Every structure is written in C-alpha cells, then in structure tokens.
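One structure below.
Protein chains in written order, with my numbering: chain A, 187 to 609; chain B, 316 to 590.
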C-alpha cells in the first residue's frame with residue numbers, strides 16, 4: 187500500500203544488485219516508461235457539490251498510505267485538490283499503516299477524523315462498538331454505481347455504515363524461475379513446503395496468518411471455534427521451521443531483491459512488484475482465498491457530516507474512482523470506473539477473478555467475537571515466542587542469583603577492608 | 316542567592332520532568348493495575364507470567380550484547396585515552412559518526428548486508444562459500460544491538476579513562492606493579508564508574524528495543540519491546556496488559572540496576588556518571 191516507497195526501494199534494490207555484481211539488466215529493462223495517461227474529471231451534478239461553498243470547512247481524512255490518486259504522474263488527477271476546487275472544502279489528509287493503528291487512534295480519543303477507510307473486519311468491529319455514523323444515502327447518489335455484489339456485504343449487512351472503496355484478493359507471489367511447480371498446481375500448502383525451507387515469507391499479523399492456515403484446513407476464515415483456531419495455530423507452529431521471516435510491507439523489497447522465493451501477498455501490490463521483476467508470478471489458489479474490501483466510513487466523532495458524505499460521493503464519481511484504481515492498483519467496486527479500465531487489466535486473471543470464483547471460493551473477513559480475538563492473539567504470541575534456541579529457563583534466575591552473590595561478596599570484602607583501614 | 320538562581324534555572328526542566336516523566340509513569344502504573352472499565356485488578360500482572368520466555372530471551376540477548384560491547388569498548392577506550400589529543404578527537408568523531416545517521420536506516424542497511432542475496436553472502440559466494448543464513452537469526456539481533464549501542468559504551472568509559480591521572484599509573488609502576496597489576500589494581504577500579512554507566516546505557520535500550528528484533532530477527536524472535544508494541548498498535552489492542560508488561564520490565568531493570576550499583580559503590584562516589 188506504500189507504492190511510492192516501494193518503487194523507491196525497488197530502485198535501490200536494483201542499484202544494490204548492480205553493485206554486488208548480480209544480473210540486474212532485466213530489472214532495469216522493466217522500468218520502462220508507462221504509457222501516457224490522460225484523466226479528466228466531469229461530475230454529473232455540480233450544484234450538489236456547491237452547497238457548502240464559502241464556509242471555510244476543513245475535512246479530516248484518514249486513509250492508508252499511498253491509497254489515493256495524488257496526481258503525481260503527468261495528466262492524472264489529484265483527488266483531494268479536485269475536491270477542493272469543486273466544493274471549496276479543504277482536505278486535511280493523513281495516513282495510517284494498519285487497521286489496528288486506526289482503531290487505536292480512534293479508541294484512544296483525542297483524534298478527530300471525518301473520513302476513515304478501514305477494512306471489512308475492522309468495520310464490523312467498529313459498528314459493534316458504536317464507533318461509526320450511519321450514512322445518509324440521500325447525500326450519496328453515486329452509490330448507485332457500486333456493483334451489486336459489493337452491496338450489503340457481510341461486514342455491514344444492512345449497508346448503513348460503509349461505501350466500498352477498493353478491494354482485492356490474497357494470493358501467492360513466487361519466483362517462477364526457481365520453482366518448478368506449474369501455476370495451476372500451486373496451493374496454500376506451498377507455504378509449508380520443506381523443499382523451500384527458509385525461502386518462505388509469512389504475514390506478520392494474526393488475522394491474515396490464521397486465514398491462510400484456515401484456508402489450508404478448509405475452515406471458515408471467520409471461525410470462532412476454539413478447537414479450529416487451535417488447529418490453525420498448530421499448523422502455523424509447524425510452518426515456523428520453514429519460514430524465513432514474518433513480515434508485511436517488507437514482502438515487497440524481499441521478493442523484489444530475490445531474498446525469498448515464496449510469499450503470500452495482496453493482488454494489487456503483487457501486480458506493482460511484478461511490473462519491475464519478470465521472474466515473479468502471482469497466483470490466487472483455486473481452492474479459495476480471502477477477499478478483502480476497504481470501505482469509506484464516517485466515524486462518530488465527525489464534525490461536518492454533510493461535507494463528509496459529499497467526499498464519499500466524490501470518491502464514487504466514476505472519473506475519481508477510476509483515477510484511484512489506476513494509481514493504487516487495487517480493484518474497484520465502481521461499475522462505471524470498471525468500464526473505463528484497459529482490457530489487459532480486466533483480463534489479467536488477477537485483478538478481477540470471475541464472479542463464480544468470487545462468490546464460491548472467496549470469503550470476506552467479518553468481526554470475530556471478543557473471545558475468539560483474544561484466543562487468536564494468545565495463540566499467535568505463543569507461536570511467535572516458542573523457539574528451540576531459547577536458552578534454558580533457569581538461566582535468568584541463575585544469573586540473578588550470581589549477581590546477588592557477587593554483590594554480597596563485594597560488600598563483605600569492602601567491609602573487611604574498611605575495618606583493616608581503621609586499625 | 317546562588318541557591319535561588321540555580322533553582323530558577325532548573326525550573327524548566329523540573330516542570331518538563333513532572334509533566335512528561337512523572338505523570339506518564341503514574342499513568343503506566345494506573346493502567347497496569349486497572350481493567351478496561353477502570354476497576355482495580357491484578358489480572359494484567361498475572362497474565363504477564365505467560366510471556367516469561369520472552370522476558371528471558373530479551374534479558375539474555377541484551378546481556379550478550381552488553382558483554383560484547385564491553386569487551387570491544389574497554390580496550391578501545393583505553394587505547395584512545397593514551398593517544399595524542401588531536402588523534403583522540405578524530406577517533407571519537409569516527410565513533411560518533413554512525414550516530415549522525417538515522418537509526419532505522421542503519422538497521423535497514425544490515426538487512427541488505429546480511430540477506431541471502433546480501434553483500435556478505437555475495438562476497439562469500441565468490442570464494443565458493445555459503446550462502447549462510449545470517450539474517451532473521453538471534454545472532455543478527457545481537458549484532459544490530461551491538462552496532463547501534465556501542466557508542467554508548469565507549470563514551471562513558473573513555474571519559475572516565477582520560478581523567479585518570481597518569482602519575483597514579485607511574486606511581487604504581489614505581490612501587491613495583493607489572494602491567495597486569497597496573498591494569499587490574501589501578502586502571503580497572505578507577506574506570507569502574509564509566510563501565511557501570513556504559514552497561515546501563517547499553518543494557519536498558521537493548522532490552523526494550525523492538526525495531527531491531529523486527530527488522531533483523533524476522534519477526535520470529537519476539538522481544539519484550541515487540542510484545543508491548545503489539546498491545547498498543549498491534550492486533551491485540553490491550554493497553555492495560557501493555558502497561559503491565561512495561562511495568563514488570565521496569566521493575567526487572569530496577570533490580571538489575573540496584574545490583575549494578577552494589578558493584579560501583581566506592582569512595583569515589585561523586586565521580587560516578589548517570590547513576
């Protein structure tokens with residue numbers, strides 16, 4: 187989700203590879219210029235956006251890093267700037283890296299945001315904790331562009347609190363030059379394959395990691411059953427011996443630099459990294475996967491709800507939704523933006539899997555019960571902290587006993603010395 | 316008169332200390348002993364027990380790093396203190412130089428050096444060796460700690476050593492001490508205050524680090540710092556447990572520092588740095 191950052195790193199990596207004398211020629215060739223892109227903005231109802239003009243309103247938008255079109259490339263739109271030009275509402279834009287960070291910020295109080303874009307399971311958690319405002323869809327006419335299968339999703343069953351922004355699937359990115367298995371045979375079990383021990387990366391957050399284990403076991407990704415969670419944890423423990431590292435965004439540079447051969451990854455980010463590295467390939471296993479949706483919501487601490495709804499409506503403008511999906515690389519739930527996409531993107535088999543696969547084999551996260559959340563967290567910490575090379579547990583008490591004994595010895599020695607000095 | 320003016324001059328820091336050190340400490344203690352609703356509980360502290368192996372690993376790795384730092388820094392400081400004033404300042408600057416660069420970047424650079432396709436393994440590859448697994452191991456974590464914290468060991472030891480009066484050493488030799496005796500009976504006791512504060516300044520940040528273990532340990536070698544971070548920004552949002560873990564860590568550090576103080580207690584108490 188931090189594409190610019192990643193691009194900079196992949197450039198750095200290329201540079202490093204050249205320095206170390208590896209073949210980097212293929213990588214540099216892949217960095218060819220992108221074809222020219224010209225984006226324009228036309229909105230259907232300009233009057234609607236003029237309602238709050240001249241009131242000097244500022245909207246606090248809190249989004250993922252690199253998750254909105256900034257108009258950095260020639261001819262592309264800068265969403266926040268266009269919004270200001272149209273409505274006169276200033277956008278105060280800031281970013282976060284994880285759903286949990288967003289949650290902690292809002293829960294801790296003190297922060298005030300008008301627009302947030304959490305993922306599915308976090309939305310249902312926030313709904314259950316009364317952290318979101320109900321939306322007035324009268325003010326969001328562009329909701330009509332949202333595709334039917336993204337309406338009333340599991341995480342917001344009555345579709346009262348959220349408007350889908352971007353979505354994607356989780357799959358496996360791997361180095362096709364080093365792995366001889368044909369793409370159609372690659373399933374989640376490859377992440378446990380001992381032939382590639384120490385070449386496998388794994389997600390460093392319990393929800394995503396457990397989901398992969400649950401996919402392998404054939405369980406629901408939203409299971410709250412303690413036994414099933416324990417089975418998944420057992421499987422993750424088993425995996426630990428072949429895992430090189432538990433990482434999130436670092437997957438990008440590690441895979442790009444060839445430090446690892448296999449990793450689970452998000453489709454949109456995988457496409458970005460593949461642009462720069464021909465050896466890499468991405469598959470979404472046939473057996474099924476997680477479909478994630480990031481949706482726009484208004485937190486209950488909102489200052490100006492109408493302005494916030496106007497912003498949501500603006501994000502649903504076909505031109506804006508297209509600019510965002512073009513820039514971010516994730517898939518769009520907006521039917522009109524989808525129509526504008528290049529044939530290559532629609533048919534690349536990654537961004538837009540067919541509807542049948544989406545409905546039959548994909549599952550979206552929803553909120554787990556508090557108890558299941560805690561169980562998962564405990565099992566995860568336990569999995570991460572068990573380690574064969576951990577020293578004997580008597581070392582610390584022994585070490586402390588030694589320290590105390592030594593200090594007492596010194597005290598006594600000094601005492602005797604002082605006595606001697608006196609006489 | 317002097318008393319009043321020095322009090323006034325210290326006021327800004329005293330206020331700073333009250334607001335940003337004492338109050339947060341009280342808040343940590345408050346969170347550690349309460350549950351979500353704010354009622355008194357000891358459950359948080361009891362729950363810390365299940366992470367004892369993480370505590371053990373943190374103490375262990377921090378202790379190893381501290382010892383390595385000491386072993387490297389002590390002879391270097393001794394050598395430095397004997398050099399010409401001009402050379403000394405140049406050498407000191409070289410010691411400090413890495414600290415001018417961002418901490419994260421320095422640690423990130425080690426990832427590029429130690430990786431499977433990193434500089435070191437590529438270099439070894441030319442000689443037909445490896446590749447060895449260097450990154451994502453506990454060894455890499457220790458290396459990161461030593462690399463990042465060693466200036467904090469060198470500086471206090473060095474600053475104590477330059478203050479040792481050369482005539483004391485001459486007198487010892489005059490009275491028949493050989494080199495070994497000079498080192499163990501004169502220099503070592505005199506430099507002890509520096510060693511003690513060096514150990515504190517390396518051990519304390521090393522035990523609570525989380526970014527080094529995350530970047531160089533591959534996420535499979537959790538340290539206390541990682542555990543605390545998980546409670547505040549990670550999936551398990553539980554500030555109360557996080558505060559309890561921090562609290563336990565503070566008590567452990569307090570104990571270790573008290574023990575350290577025992578060693579340092581001497582007639583030259585006023586010379587001691589930091590403690």
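Where is the CB? At the ideal position from N, CA and C, for every residue including glycine. Treat the numbers as computed from the prediction; the structure is a model and nothing was measured.
CB-CB length for residue i against residue j, believed under 8 Å
i: residue 402/A; j: residue 421/A; result: 6 Å
i: residue 444/A; j: residue 432/B; result: 5 Å
i: residue 226/A; j: residue 480/A; result: Incorrect: roughly 26 Å between the Cβ atoms, too far for contact.
i: residue 516/B; j: residue 471/B; result: 7 Å
i: residue 479/B; j: residue 502/B; result: 7 Å
i: residue 553/A; j: residue 311/A; result: 4 Å
i: residue 537/B; j: residue 369/B; result: 5 Å
i: residue 471/A; j: residue 365/A; result: Contact flag wrong, Cβ pair sits at about 14 Å.
i: residue 381/B; j: residue 521/B; result: 7 Å
i: residue 552/B; j: residue 290/A; result: 6 Å
i: residue 272/A; j: residue 229/A; result: 7 Å
i: residue 495/A; j: residue 326/A; result: 6 Å
Beta-bridge pairing of residue i - partner residues as DSSP gives them
i: residue 360/B; result: Beta-bridge pairing links residue 360/B to no other residue.
i: residue 466/A; result: 361/A
i: residue 355/A; result: 477/A
i: residue 317/A; result: In DSSP, residue 317/A forms no bridge with anything.
i: residue 520/A; result: 332/A
i: residue 485/A; result: 318/A
i: residue 349/B; result: 355/B
i: residue 451/A; result: 357/A
i: residue 349/A; result: 482/A
i: residue 662/A; result: Any property of residue 662/A remains undetermined from this structure, which presents chain A solely from 187 to 609.
i: residue 431/A; result: 387/A
Residue environment, residue i, which counts as buried when at least 16 other CB atoms sit within 10 Å
i: residue 326/B; result: exposed
i: residue 337/A; result: exposed
i: residue 407/A; result: buried
i: residue 415/B; result: exposed
i: residue 365/B; result: exposed
i: residue 599/A; result: exposed
i: residue 447/B; result: exposed
i: residue 218/A; result: Only weak support exists for where residue 218/A lies, its pLDDT of 44 falling under 50; the value from the coordinates is given anyway. Answer is exposed; the Cβ neighbour count stays below 16.
i: residue 333/B; result: exposed
i: residue 560/B; result: buried
i: residue 533/A; result: exposed
i: residue 506/B; result: buried
i: residue 211/A; result: In this prediction, residue 211/A scores a pLDDT of 42, lower than 50, which makes its location untrustworthy; the coordinate-derived value is nonetheless stated afterwards. Classification for residue 211/A: exposed.
i: residue 209/A; result: The predicted model places residue 209/A with a pLDDT of 41, which falls under 50 and marks its position as unreliable; any figure quoted below should be read in that light. Label assigned to residue 209/A: exposed.
i: residue 556/A; result: exposed
i: residue 207/A; result: Any answer about residue 207/A is weak, because its pLDDT of 45 lies below 50 and its placement is not dependable; what the coordinates show is given next. Result: exposed.
i: residue 220/A; result: No answer about residue 220/A holds up, because its pLDDT of 49 lies below 50 and its placement is not dependable.
i: residue 239/A; result: exposed
i: residue 591/B; result: The displayed coordinates of chain B run from 316 to 590. Any statement about residue 591/B would go beyond what the structure contains.
i: residue 592/A; result: exposed
i: residue 215/A; result: Low confidence applies here, because residue 215/A scores a pLDDT of 42, under 50, leaving its location unreliable; read the following figure in that light. So residue 215/A counts as exposed.
i: residue 224/A; result: exposed
Residue j beta carbon less than 8 Å from that of residue i
i: residue 360/B; j: residue 563/B; result: yes
i: residue 534/B; j: residue 384/A; result: no
i: residue 497/A; j: residue 447/A; result: no
i: residue 460/B; j: residue 392/B; result: no
i: residue 482/A; j: residue 330/A; result: no
i: residue 129/A; j: residue 509/A; result: No answer is possible for residue 129/A: it lies beyond the span of chain A, which begins at 187 and ends at 609.
i: residue 493/A; j: residue 275/A; result: yes
i: residue 353/A; j: residue 478/A; result: yes
i: residue 488/A; j: residue 300/A; result: yes
i: residue 438/A; j: residue 357/A; result: no
i: residue 387/A; j: residue 297/A; result: no
i: residue 427/B; j: residue 532/B; result: no
i: residue 410/A; j: residue 476/A; result: no
i: residue 561/A; j: residue 453/A; result: no
i: residue 497/B; j: residue 488/B; result: yes
i: residue 555/B; j: residue 344/B; result: no
i: residue 385/B; j: residue 514/B; result: yes
i: residue 280/A; j: residue 374/A; result: no
7 Å Cβ cut-off: residues of chain E touching residue i
i: residue 449/B; result: No chain E is part of this structure, whose protein chains are labelled A and B.
Worksheet item: At what residue ranges does the stretch 241 to 312 of chain A contain a whole run of the alpha helix (DSSP H), taking only runs of 4 or more?
Response: 265 to 273, 285 to 293
Item to complete: Note down, one range per segment and in chain order, each alpha helix (DSSP H) of at least 4 residues found wholly within the stretch 483 to 571 of chain B.
Response: Runs of the alpha helix (DSSP H) spanning 4 or more residues and lying entirely within the stretch 483 to 571 of chain B occur at 503 to 523, 526 to 531, 539 to 547, in chain order.
Worksheet item: Which parts of the stretch 520 to 555 of chain A are runs of the alpha helix (DSSP H), unbroken and 4 residues or longer, counting only runs that do not cross its ends?
Response: 521 to 526, 529 to 532, 541 to 547
Discussion item. Quick check on the DSSP output: what are the complete alpha helix (DSSP H) runs of length 4 or more inside the stretch 408 to 434 of chain B, in order along the chain?
Written reply: 418 to 429
Worksheet item: Which ranges does the beta strand (DSSP E) cover as unbroken runs of at least 3 residues, wholly within the stretch 376 to 403 of chain A, from first to last along the chain?
Response: The stretch 376 to 403 of chain A contains these whole beta strand (DSSP E) runs: 386 to 389.
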